[in-house]
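Numbering (mature numbering (1 follows the signal peptide of the UniProt record, and there is no 0)) for the sequence shown: -20 to -1, 1 to 337.
Idealized CB from N, CA, C, for every residue including glycine.
Note that the coordinates shown come from a computational prediction; the quantities given were computed from them, not determined experimentally.
Written below as C-alpha cells is the structure these notes are about.
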Amino acid sequence: MKGRKVLAGLLAVSMLLGTAACGSEDSASKADDGEKGASAGEPLRVGTMPLAVGIPVLWAQEKGYFEEAGLNIDLELFSTGAPINEAIAADQLDIAVSGFASIYSLANDACTWLADVSCTGGNELYARADSPIAQGEKDGVVGNADALKGAKVLVQLGTSQQYMVESYAEQFGLAPEDINEVNMEIAAAYQAFSTGEGDIIAANAPYSYTLGEEGYVKLCDYSTATKERLVDGCFARNEVVEDRGEEVQLFVNCLVKAVDDLCKDKEARTEFTRQVYTDNGISFEEENLAKEIDDTEYVGTEMMKGSDYVFGEHFPGITEFLVKAEKITADNAPNVVKSLDASFVSEAVGAEIKAAE
C-alpha cells in the first residue's frame, strides 16, 4: 500500500474477522509515510485502527488526498481505542479516528469531536432457541419481562454492549438491577455461552455472526435496543483545533472525500478492506467480511445532508449511561456534548450540519 510501512505480525488479531474493539491493548504498528506530502511543516500526528473506522483514513492516504491537500501526515496504527486515548492524553497524537472509547477523551474536556465516520453494526443480543426469553416479543424486540427478570447476561461492562443490554431490559420495564450482568470479555463470554453458561450474551462481530449461524436467537441489535446508531468518528486535541484549525479542516475534507468514495463503490471498499486486514495480520473469513461491509454504514455527504441527520446524536444517551455506570463523573458529563463541533463537516459538505444538544 502506498506510503505505509507495516510491521509484520504486530497487528495479529486472534479472531475470525477484525472489527472495531475498544478495550485496553498496546499500540500496534506505525505507518511511517515516506511521502510526507507537499507541506514541509510540522506533521499532523494521526492515530487510528486498521479496522472499519480507520479504513477511510488509510484510503485517503492511499489515494494521495492528504498529499494533494498539502498535509504532512504521520499516521500510527493501534489495535484498539484505549491506547489511542492514552496517546492523545500524552500529546503523542494530534488527531484520532476511533470508536466507543473516544467518549472518555471528550469527557476529559481535552478534545473536540470533528466528524462522525461510521455507524457500527454487528452489536447484538442472543439467547438459546429453547429459552423462555426467546418465546415472547414486544414491538419487534424478542423477549418478555417475566423471563428476563433475573436473567444472567454475559456482557463486558463499561462498553456499548452494556448500554445495549440495559436499554433492551428497559423496553420490558426492567431496571439494570432486575437482571444479572456478568462482566466478561467477548471471547470468553462466547466460549462460556457455547458451553451452557448464561441466559443471554451481548456480542459484537464476528461473534454475533457466528451465534446467528449456530442457531441462537437474536433478541435485538444495538439500534433497536437504544433507538440510536453506534457511531465511531474523528476527534482532535483542543489545542490542535485552536492552533492548527486550517490543517484540521483540510484533514476533515480529505476524510469526508474518502468516505464518499467508499460509499459509492462497494466493490472497491471490499477489496481495500481485504487488503488492509491482510497487510496488518488480521484473520478473516470472506463471508464475515461481506457481512461487516453490509453492517457498517459510512457517514458520507449524502447522509449528513439528510433531514434526519444529527451530528453526534449518539453521545447524550451513551454519556448518561456511562454516568450511571460510574465510568464518567457527573461533573465531566457536560464536556461530551460541549465537545461537538459540526463546523468542520459543515465546511466539508457545504451545508449547515446540526449537532446534538
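* To do: Classify G34 as helix, strand or coil using the three-state DSSP reduction.
  => helix
* Would you tell me roughly how many angstroms separate the C-alpha atoms of A149 and P63, rounded to the nearest one? => 31 Å
* To do: May I ask you to report which of helix, strand or coil DSSP gives E227?
  => helix
* Measure from the alpha carbon of L105 to the alpha carbon of each residue in A90, T204 and Q41, then state which is nearest. => T204
* Is it the case that the Cβ atoms of G138 and A76 are separated by a distance below 7 Å? -> no
* Note the first and the last residue of the continuous beta strand (DSSP E) segment covering G297. => Here G297 belongs to no beta strand (DSSP E); instead the alpha helix (DSSP H) covers F295 to K304.
* Apart from the five residues on each side of it in sequence, which residues of its chain come closer than 6 Å, Cβ to Cβ, to residue 361? -> Lying before the first or after the last residue shown, residue 361 is absent from the chain, which here runs from -20 to 337.
* **Opening and closing residue of the beta strand (DSSP E) in which Y106 lies** => E104 to A107
* **Unbroken alpha helix (DSSP H) run spanning K246, endpoints** => K246 to D259
* To do: Could you check the C-alpha separation between Q255 and D274 for me, to the nearest Å?
  => 17 Å
* Asked: Buried or exposed: which applies to G178, given that a residue is buried once 16 or more other Cβ atoms fall within 10 Å of its Cβ?
  -> buried
* In the DSSP assignment, find the alpha helix (DSSP H) that holds residue 390 and state where it starts and stops. => Residue 390 is absent from the model: the chain starts at -20 and stops at 337.
* Kindly indicate which residue of Y187, N268, Q142 and G213 has the alpha-carbon position closest to the one of S319. => G213
* Asked: CB I308 to CB A87, shorter than 7 Å?
  -> yes
* With DSSP as the reference, label V133 as helix, strand or coil. => strand
* **Opening and closing residue of the beta strand (DSSP E) in which F291 lies** => Looking at the DSSP string, F291 is not in any beta strand (DSSP E), and its letter there is neither H nor E.
* By a C-beta neighbour count over all protein chains shown, 10 Å radius and 16 as the cutoff for buried, is D311 buried or exposed? -> exposed
* DSSP three-state assignment for D311, whether helix, strand or coil -> coil
* Asked: Quick one: what's W93 bridged to in DSSP?
  -> F215 and L320
* **the stretch 214 to 234 contacting the stretch 319 to 334, beta-carbon criterion three pairs below 8 Å** => yes
* Asked: If you draw a straight line from the C-alpha of T250 to the C-alpha of P296, how long is it?
  -> 32 Å
* Answer with buried or exposed for K271, where buried requires no fewer than 16 other C-beta atoms within 10 angstroms of its C-beta. => buried
* To do: Confirm, please, whether the CB-CB distance from S85 to G61 is below 7 Å.
  => no
* Simplified DSSP state of S140, which is helix, strand or coil -> helix
* 6 Å CB neighbourhood of K334 in its chain, flanking five on each side removed -> V290
* Cut-off 6 Å between Cβ atoms - residues of its own chain near K10, not counting five sequence neighbours on either side -> Note on K10: pLDDT 45, under 50, position unreliable in the model; the coordinate value appears next. Same-chain partners within the cutoff: E56.
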